[in-house]
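Below: one structure, written as structure tokens.
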Amino acid sequence: MARYRRKSRGSYQSNYGYRSHDIGWERALQHIEEAKELSRELGGTDKDVKAYFFSIPLHQLKTILDEYEAKYGRKAREYAERTLPKWRSGQVTMSGQNASRLFELIPPRMPLEEKYKLTENLWRHVGPNSRKTLRIGLDANIEDAIEAVRDHIEKVVIHYKIPADLERRFNWLSAGDVDVKQELLNHLRQMERTFVVDGAKTQLPVMLEHLISVDGRNTHRLAQILKVGNHELEILIDKNISGVKLEDPLGDAGSITASSNFGYIWLLWLIGIAIVIILLAQ
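The numbering of the sequence shown is the numbering used here, which starts it at 1 and goes up by one.
Written out as structure tokens, the structure is:
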């Protein structure tokens with residue numbers, strides 16, 4: 001008959017400690033995955049959403065917690081109320097599950113202006129970008145130049161394909177309301193148009209005034225890079241052209257190739273000299 005050895009109390013406590021450690025580790029991994037999933041649902045980041053949540057006035061927060069209690073129970077609400085100051089201070093990290101449940105209750109109560117801000121934050125990182133050169137002759141009308149810039153940015157924003165991260169942020173903020181989603185997109189498009197066109201309106205008159213001044217008479221070519229958001233526009237006022245021309249910027253591939261070829265030839269010279277020295281030494 002086989003003998004069974006009774007485990008010591010110390011062995012039991014050791015195994016219990018391992019199991020507790022494993023459970024704790026699994027929960028930690030689960031919280032990490034939940035946090036990643038939440039960030040993905042909110043458009044790749046949740047920092048600005050958390051900042052907004054923690055800034056909600058207490059009387060508005062009470063309404064959110066009332067619905068939170070109705071959906072997830074009294075204990076869930078009590079934990080949220082008890083832990084909220086620690087979440088806000090950073091003493092305790094809000095789990096992905098808690099954040100997801102609370103954040104889903106925010107959009108229906110959020111003012112449209114606040115929704116604009118939360119899309120603008122993401123738009124600045126993933127919004128459209130472009131690089132163009134605007135050539136302007138001295139006979140050109142300043143309004144024609146500005147109109148060329150306006151037409152360019154209009155095409156950019158209209159044909160811009162919304163990336164997945166921004167689409168998810170739209171979906172969260174609109175909470176299924178198609179009209180709100182379209183309103184957010186229209187706002188961002190108009191914001192982009194205004195930024196670029198206003199920048200051109202500010203720079204172009206100053207540059208033209210310089211060219212027709214005494215100091216500018218000897219200036220053959222005046223260029224300035226206008227950067228607005230993710231857009232780069234080289235405004236080039238040239239006495240040798242007529243009218244207004246919007247074109248792709250000239251690349252510098254030729255100069256890079258020439259530099260590379262020079263370096264290659266120089267390397268061959270060094271190798272040749274080294275071979276000669278070796279032969280003479282023999």
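Cβ atoms here follow ideal geometry from the backbone N, Cα and C, with glycine treated the same way.
Since the structure is predicted, the reported quantities are computational estimates derived from the model, not experimental observations.
Taking the Cα of M110 as reference, the smallest distance to any Cα among E247, M191 and T63 is reached at T63.
Here A140 carries a coil assignment [DSSP, helix/strand/coil]. DSSP places D48 in the helix class (H, G or I) of the three-state scheme.
Taking every protein chain shown into account, the CB of R189 has 16 or more other CB atoms within 10 angstroms, so this residue is buried. Contact holds between the segment 48-62 and the segment 104-118, because three or more Cβ pairs, one in each stretch, are under 8 Å apart.
The DSSP-derived three-state label of E234 is strand.
In this structure, L118 lies away from V196, with their beta-carbon atoms at least 8 Å apart. The C-beta distance from G229 to E192 rounds to 7 Å, short enough to fall under 8 Å. Annotation: L105 is outside any alpha helix (DSSP H) and is labelled neither H nor E by DSSP. When the Cα atoms are used, D177 and H187 turn out to be separated by approximately 16 Å. Beta-carbon to beta-carbon, R101 and Y79 are separated by about 11 Å, too far to satisfy the 8 Å threshold. For V244, the enclosing beta strand (DSSP E) starts and ends at V244 to E247. The alpha carbon of P163 has as its nearest neighbour, out of N129, D179, T93 and L204, the alpha carbon of N129.
With fewer than 16 other Cβ atoms from the protein chains shown falling within 10 Å of its own Cβ, L250 counts as exposed.
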